[in-house]
Amino acid sequence: MPDPAEPLLLARLAADGLLLRPYQAQDAPALYCAVRESVASVGRWLPWCHAGYSEADSVAWIAHCAECWNRGDQYTFAIFDDTTARFLGAVGLSHRNREHNFASIGYWVRESAHGRGIAARAGRPVAQFGFDVVKLSRIEILAAVENRASRCTAENIGARFEAVARNRLSTPQGVVDAAAYALIPSDYAEAQMRAMSS
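Residues in the sequence shown are numbered from 90 upward in steps of one, following my numbering.
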């Protein structure tokens, strides 16, 4: 498990056929292509994924992720196929609250890689990183109530549904209610045990 204080280039997580690592500057073209192919699916839920997204947006986002990692505010991992090295999406810890020791997990997967469980496979080691390395006591996941794929991912990571938060998320269609999930260390340990026994 990498130390969050390590240089970005050293941080790596393995995840059942996937390699997770912080974005690097040379990932900008792959990120741009993945976003552009995913406007119809990912863009339905995430406002940043739109037809006007540019490669300059990718460059700026990668620089922002590095700055946030270095401050310890956000830990974003690009997801790659560990055999082909194809860029598949991203997963990360964000909205870190140091006073109350929690953060959120967010994830997205490019459209051509949907339906393979990639977000859940990538989310599990990032949750473990959050608990074991960042020493979080709680991780939250918010998904639009109607976003069944994201909600299934939260459940497959091991998070428990807690509530519907009204008018909680902004989407391209407007403000929507969110299904609020949370994961605490004991939930994660229980989910890991279930996964090993199945």
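Even for Gly, the Cβ is constructed at its ideal location relative to N, Cα and C. This structure is a prediction, so every number in the text was calculated from the model and none was measured.
**Request:** Give the secondary structure of W150 by DSSP, where H, G and I count as helix, E and B as strand, and everything else as coil.
**Result:** helix
**Message:** Tell me the DSSP secondary structure of G161 in three-state form.
**Reply:** coil
**Prompt:** Distance, Cα to Cα, G195 vs D170?
**Reply:** 19 Å
**Prompt:** Just reading off the alpha helix (DSSP H) that D221 is part of, what are its end residues?
**Reply:** 207-221
**Cβ-Cβ distance between A232 and A192 below 8 Å** = no
**Message:** Starting from T291, trace the alpha helix (DSSP H) in both directions and tell me its first and last residue.
**Reply:** Outside the displayed range of the chain (90 to 287) lies residue 291, so it cannot be described from this structure.
**Asked** With distances taken between CB atoms, is the gap from A243 to A254 smaller than 8 Å?
**Response** no
**Request:** Look at the Cβ atom of A167, then the Cβ atom of R110, and state whether they are nearer than 8 Å.
**Result:** yes
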